[in-house]
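**Q** Dumping the structure here so I can ask a few things about it.
Protein chains in written order, with the working numbering: chain A, 29 to 735; chain B, 29 to 735.
This is the structure:
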């Protein structure tokens, strides 16, 4: 076997940068006699890896009865041996939790039926769902340990270091999803130690607040001990005290995920599994649930995400849409900023639903969009399936999944799409280390992306974290993509912003911004950075306590929200800009130039202030979802980008230019169901535009131009 | 001017069946010098009517200062005169409420600012929104009356009977929307008479319950008088008593809409406006909010609906999708069953948002889908716009709306689509009286479509009204359309079901079914009707009181819900059918044949019982959203339709066959973003299939075949 490793920019196979091209391939579903034929088909389609669950439900059908290799569907080692022979890497996903449309999510029935205490609870103590377990429940960990004791030594025999194909092992699956999707966080009393002075949650509070008196100040309470500080629910938030309690519990929950991950990872190590460790976030919005896990594991694993666009009729869209692409963009950017080569561990390869269909045109568009926006590794979910063995399937006898290679081995159109895409990746393997060229930066505040649970009472804020997150995505990013701009994200929690001095940095802010970010922004401006902040200037830190570092720097600039809908907002020469809500300056910094005015009231809605060394800050008191071309004009006026990297005269075609300095490639994406035409120019290295001409794209077509 | 009238099947112009082809055309936005050019353009595109708001905000800018004709933007009569000259019908929409992206929804600013008491309230007494008024508030009615006193005599001079072009007048606009979208129903204390023995709501209760003792029995309360029975909120529903209170208030609210409509209609008559009266429901799900209004006005008006597919990025889809088509289907069917020629008073002609785009391919698909599924009249919203006069616009200075004819008169691609569609309607004007051919009937229970507010606590029901509504749409109808079946809806509140004896009648039922429906179903079966009911047999009437007419007829057949997810459901030869939830029979009628079994438990999940005269009932204890082909097989097995009217071998292509006996036309719809191919056969009058061959449809293409 070759070697495979990764760094923050790409995977490397035998030291050479390459894309990870994996396909989900379940030895327990694909008939054994079909393994080799289909693995070879996958290799022919550019695959270099396969992923498989190793289902606990299958290998331990009754408690203590561990089975391996007794029937072809349980012949994990036979499968690994074949992968070794065919020189294809393997990602093993031994759970405990797996899902994969298996009954009990792949947990054994006996576990769920005999140990009901392990189930996750909602805040009222009710069971969330029949098979959502509480990760740190001692009984669950005891049983999971016994499973790992059996299965890990087997897997460990087949890792790369021992000449086997297993290059990656995944702990659990889509952590947090089984709670999130069925009611919220887990409040299992025993696992979380609620009401127990030495329980996990009280200890978390003790660690954070040290003394109950300090906790009481923060919570506005008069608890006698940490164990009395029971979590409260989102619906009960009435003020910032309550909100902090909800935020604290969520943060605690993320540390629970981290602790659980650490336990599983330690077991892997204990059983001598020495390959790369991975995990997949269930979807882009959940990527940031893993910050604590990354901290705890100190980078000792690789986080990827799942990027589906449709799994059944209740999804918003049937095909990849611009909103899907925007999500792919921020997901890949988040993973990059976390230090990973952006990997989509579940990239659609079919659907559990026969309808709506996953068509080959849509699928190709999806793949190209993902790579245009930064994907460095992928795993088609699934590449091929088969019958559900031993009645473990939760949605039928067949796990055909409408995949590229059918249950019976038939080769479908989607296979050709994957093959074509595989060839594209091979021909452009330099892209594995490419980056997206950008005109400007958008500041990513990870906390904003996970704040929905504690910012649901809008009456407390003038602008909430969640609103700031939406403005970033549906306002700033979508307006700029429509306007043919090329934004990249930067992590506002980065050590230093020095490397962002070259381009404008746009930040959406709620009333709350971490102290460290406020400090960095101030020093960034002092160092000559150009900041655009909208729509408010924060006055509080991330714990909702007063923090006016940025505000003080801006001579205590303040703004208020307009409470009328009768607004007429002009910015420089752009008249009557449509917004969802707006703020007016009640105090601007000295020397700030008013650049935006609400005409009826005469109030200032945007100002700009310059500092020494070229630094400046523009405050734009506007909140919008992109819907009007004038919002693009407004961005243009604010950003003052001399020469955007790409010029496209059709707002409905989005572009992405990727380069590794030597090579460059332009992606043009039509994510609509109609043909679209646009004239494209790209900025050359000499500072002049290269006219690429006029392009007509079919519905769902992504075109590439090697430059 | 010609005459225009309507009956339940179509519009008629000078006695000839024709489609109503209207376009929204605002005299106050389109520059006066452009009126004639653009009206002629619309006529060339097949238009025979235009619609315009007559904005109160524009014509009475300050209280008592009524203005008409002083500036071109207020020259309503000049516009009507021109329409007369050009022989184009006019729909006048004088409000009071209008919306149309106008400030204060087209209500005068002075009204909202000086009479805050007229604003609608939520259940806690808070204002719903800055310009959502309470329809029956006396102060609002007083001011609205003054507006009608001014404007109606003007309009009345121009009705058809007086040689003018005004063929239709609309009272208000999208009744209920201004409350529904901003928090729920209106609880304005004064308007609703809450707490007042002679107030509207207490009187409504008195009318329904006669005596407080009877109210108390129904509500499980001990009120001393009707005035004490304050409405309660949906969130407070804990049992059937509470639920009835919420349902009663909603029903009351619908009578308020009816009373308001009646007042406006009476004013029209008082001021001698003698043309057809119309109203538009804001969207398909709100069509059933007008049952009380239809009752009250005794058919004296025509109800249509609005069928948008995208107005901004937050809509689920960018283009017409199958779920959009399904909504169009039930909307048109509802309107037909209410006795109207299905009219789409707002059919997209553009969008207030510049992005996402309304492309000509999508638009054409939208139009063809609407007519395929029963549309008999339409009004493009908007055909052409212009600048917002006097700053009345709420989303910018321009009301271009990306319409067919631009603000500056430029002719866009979408105009050609409308022209082509106009030609299609003209060539096929026989379609104005066509009906959709069907294989079987689906029973429409109007109440189920408006029950979301009182069935939100699922713990009370084993199957709620709202679930029954969703099963009808996302289960029965979508599975059958994918399976190439042709369902039509029937109104379960119809006088008699005698005319439905020819085909199977499929009914989704909650635990609640009106007594009259239960009675009709029993007599239908006795008369030889074939009924399929899923997933439960009702035991209660529409007021949640015991009512076992159907159950008694079925020898007290009962069923229970499975509370496990470990189900393996087989129906005849179809194995392991995927369902969302399922019920098992605890008592089947004598002689019923078990046709469906849950294999693990051996329990019966479907049975069939035959009666004399060919009558039968099939109970299918399954609830699903269409996602698996096996659900189509299940339907096939249950429906036992010998020869479906259309056979299409591609589940993703939907069809609709329309006929007037002499002529027939088959619509084939591709509502996906990819090309699709299908082989089509149609059943000929001789009982043999006509092979129409293989069709390939582009994304968003609708093909027609005249037979």
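All C-beta atoms in this analysis are idealised placements derived from N, C-alpha and C, irrespective of residue type, glycine included.
Among the candidates A:673, A:595, A:697 and A:721, whose CA atom is the shortest distance from the CA of residue 714 (chain A)?
**A** On the first chain, position 686 is the one that residue 714 (chain A) refers to. Of the listed residues, the one whose Cα sits closest to residue 714 (chain A) is A:673.
**Q** Assuming residue 215 (chain B) and residue 133 (chain B) make a contact with CB atoms under 8 angstroms, what is their CB distance in whole Å?
**A** Translated into the one-based positions of the second chain, residue 215 (chain B) becomes position 187. Translated into the one-based positions of the second chain, residue 133 (chain B) becomes position 105. Not really, about 20 angstroms apart at Cβ, beyond 8 angstroms.
**Q** Could you give the uninterrupted runs of the alpha helix (DSSP H) lying entirely in the region 334–386 of chain B, keeping only those of 4 residues or more?
**A** As far as the region 334–386 of chain B is concerned, its whole alpha helix (DSSP H) runs of at least 4 residues are 350–365.
**Q** Quick one, which residues of the region 329–354 of chain B are near chain A if we go by CB-CB under 8 angstroms, in chain order?
**A** Against chain A - using a Cβ distance shorter than 8 angstroms - the residues of the region 329–354 of chain B are 340, 341, 342, 344, 345, 346, 347, 349, 350 and 351.
**Q** If I follow the unbroken alpha helix (DSSP H) through residue 449 (chain A), where does it start and stop?
**A** Start at 1 with the first residue of the first chain, and residue 449 (chain A) comes out as number 421. Here the alpha helix (DSSP H) through residue 449 (chain A) covers 441–455.
**Q** Please state whether DSSP places residue 203 (chain A) in a helix, a strand or coil.
**A** Taking the first residue of the first chain as position 1, residue 203 (chain A) is located at position 175. Looking at residue 203 (chain A) - three-state DSSP - the assignment turns out to be coil, as it is neither helix nor strand.
**Q** Measuring straight from C-alpha to C-alpha, what distance separates residue 433 (chain A) and residue 417 (chain A)?
**A** One-based indexing of the first chain puts residue 433 (chain A) at position 405. One-based indexing of the first chain puts residue 417 (chain A) at position 389. The alpha-carbon atoms of residue 433 (chain A) and residue 417 (chain A) are separated by roughly 18 angstroms.
**Q** When you check each C-beta in the region 486–516 of chain A against every C-beta of chain B, which residues fall closer than 8 angstroms?
**A** The residues in question are 502, 506 and 510.
**Q** Return the chain-ordered list of same chain residues with a C-beta closer than 6 angstroms to the C-beta of residue 517 (chain B), the five sequence neighbours on each side being excluded.
**A** As a working note, residue 517 (chain B) is residue 489 in the second chain. Closer than 6 angstroms at the Cβ level, and outside the excluded window around residue 517 (chain B), lie 361, 470 and 472.
**Q** Three-state secondary structure (DSSP) at residue 460 (chain B)?
**A** Residue 460 (chain B) sits at position 432 when you count from the first residue of the second chain. Helix.
**Q** Quick one: what does DSSP say residue 313 (chain A) is sitting in, helix, strand or coil?
**A** Working through the first chain from its first residue, we reach residue 313 (chain A) at position 285. Three-state result, residue 313 (chain A): helix.
**Q** Quick one: is residue 527 (chain A) buried, meaning 16 or more other Cβ sit within 10 Å of its Cβ, or exposed?
**A** On the first chain, residue 527 (chain A) is found 499 positions in, with the first residue counted as 1. Exposed, since its Cβ has fewer than 16 Cβ neighbours within 10 Å.
**Q** If distances are taken between C-alpha atoms only, which option among A:294, A:458 and A:597 comes closest to residue 423 (chain B)?
**A** Position 395 of the second chain, counting from 1, holds the residue named residue 423 (chain B). Residue 423 (chain B) has its Cα closest to that of A:597, out of A:294, A:458 and A:597.
**Q** Could you name the residues of the region 407–437 of chain B whose beta carbon sits closer than 9 angstroms to any beta carbon of chain A, in the order they occur along the chain?
**A** Under the 9 angstroms Cβ criterion, the region 407–437 of chain B contributes 416, 419, 421, 422, 423, 424, 425 and 426.
**Q** Three Cβ pairs or more, each shorter than 8 angstroms: is that satisfied between the region 433–448 of chain A and the region 236–244 of chain A?
**A** Touching, no, given that fewer than three Cβ pairs across the two stretches are closer than 8 angstroms.
**Q** Three Cβ pairs or more, each shorter than 8 angstroms: is that satisfied between the region 697–704 of chain A and the region 662–673 of chain A?
**A** Not touching, per the Cβ criterion.
**Q** Measure from the C-beta of residue 175 (chain A) to each C-beta in chain D and report whether the shortest distance is under 8 angstroms.
**A** Among the protein chains of the structure shown, namely A and B, there is no chain D.
**Q** Quick one: what's got a C-beta closer than 6 angstroms to residue 606 (chain A)'s C-beta in the same chain, skipping five residues either side?
**A** Position 578 of the first chain holds residue 606 (chain A). Closer than 6 angstroms at the Cβ level, and outside the excluded window around residue 606 (chain A), lie 656.
**Q** Runs of 4 residues minimum, wholly inside the region 198–245 of chain B: which ones carry the alpha helix (DSSP H) assignment?
**A** Counting only runs of 4 or more, we get 205–208, 217–220 and 228–237.
**Q** Taking the runs of the alpha helix (DSSP H) that are 4 residues or longer, which of them lie wholly in the region 122–150 of chain A?
**A** Within the region 122–150 of chain A, the complete alpha helix (DSSP H) runs of at least 4 residues are 137–142.
**Q** Any idea what DSSP makes of residue 167 (chain B), helix, strand or coil?
**A** Looking up residue 167 (chain B) in the second chain gives position 139. Here residue 167 (chain B) sits in helix by DSSP.
**Q** For residue 628 (chain B), name the three-state secondary structure that DSSP assigns.
**A** Along the second chain, one-based indexing puts residue 628 (chain B) at 600. If DSSP states are grouped into helix, strand and coil, residue 628 (chain B) belongs with coil.
**Q** Pairing CB atoms from the region 316–330 of chain B with CB atoms from the region 287–305 of chain B, are three or more of them under 8 angstroms?
**A** In short, these stretches touch, since the Cβ pair count reaches three.
**Q** For residue 536 (chain B), which residues of its own chain have a beta-carbon under 7 angstroms away from its beta-carbon, when the five flanking residues on both sides are left out?
**A** The residue given as residue 536 (chain B) occupies position 508 in the second chain. Within the same chain, residue 536 (chain B) has close Cβ partners 496, 499, 500, 504 and 562.
**Q** Classify residue 708 (chain A): buried if its beta carbon has 16 or more other beta carbons within 10 angstroms, exposed otherwise.
**A** As a first step, residue 708 (chain A) is located in the first chain; it is residue number 680 there, counting from the start. So residue 708 (chain A) counts as buried.
**Q** Tell me, please, whether the CB atom of residue 315 (chain A) is closer than 8 angstroms to any CB atom in chain B?
**A** Walking along the first chain from the start, residue 315 (chain A) turns up at place 287. Cβ-Cβ to chain B under 8 angstroms: no for residue 315 (chain A).
**Q** According to the Cβ coordinates, are residue 683 (chain B) and residue 462 (chain B) closer than 8 angstroms?
**A** The residue you call residue 683 (chain B) lines up with position 655 of the second chain. The residue you call residue 462 (chain B) lines up with position 434 of the second chain. Not closer than 8 angstroms, so no.
**Q** Give the DSSP bridge partners of residue 558 (chain B), in chain order.
**A** For the purposes of this step, residue 558 (chain B) is taken as the residue at position 530 of the second chain. According to DSSP, residue 558 (chain B) bridges with B:644.
**Q** According to DSSP, simplified to helix, strand and coil, what is residue 161 (chain A)?
**A** Taking the first chain and counting its residues from 1, one reaches residue 161 (chain A) at position 133. In the structure shown, residue 161 (chain A) sits in a strand (DSSP, three-state: E or B).
**Q** Could you check how far apart the C-beta atoms of residue 648 (chain B) and residue 560 (chain B) are, in whole angstroms? I think they sit under 8 angstroms.
**A** Within the second chain, numbered from 1, the residue matching residue 648 (chain B) stands at position 620. Within the second chain, numbered from 1, the residue matching residue 560 (chain B) stands at position 532. That pair is a contact at about 6 angstroms.
**Q** Hey, does residue 652 (chain A) have any beta-carbon neighbour from chain B nearer than 8 angstroms?
**A** Position 624 of the first chain, counting from 1, holds the residue named residue 652 (chain A). Chain B, which has no Cβ nearer than 8 angstroms to the Cβ of residue 652 (chain A), makes this no.
**Q** Can you pull the chain A neighbours of residue 214 (chain B), defined as C-beta to C-beta under 7 angstroms?
**A** Numbered from 1 along the second chain, position 186 holds the residue referred to as residue 214 (chain B). Result: empty, since nearest Cβ-Cβ is about 19 angstroms, beyond 7 angstroms.
**Q** According to DSSP, residue 305 (chain B) sits in a beta bridge with which residue or residues?
**A** Start at 1 with the first residue of the second chain, and residue 305 (chain B) comes out as number 277. DSSP lists B:197 as partners of residue 305 (chain B).
**Q** On a Cα-Cα basis, can you pick out the residue from B:669, B:270 and B:583 that is closest to residue 515 (chain B)?
**A** The residue labelled residue 515 (chain B) in the question sits at position 487 within the second chain. Per the Cα distances, B:669.
**Q** What number of angstroms, rounded off, separates the C-alpha of residue 699 (chain A) from the C-alpha of residue 681 (chain A)?
**A** Residue mapping note: residue 699 (chain A) aligns to position 671 of the first chain, counting from 1. Residue mapping note: residue 681 (chain A) aligns to position 653 of the first chain, counting from 1. Cα to Cα, the separation comes out at about 8 angstroms.
**Q** Going by DSSP, what residue range makes up the alpha helix (DSSP H) through residue 186 (chain B)?
**A** The residue you call residue 186 (chain B) lines up with position 158 of the second chain. Per DSSP, residue 186 (chain B) belongs to no alpha helix (DSSP H) and is neither H nor E.
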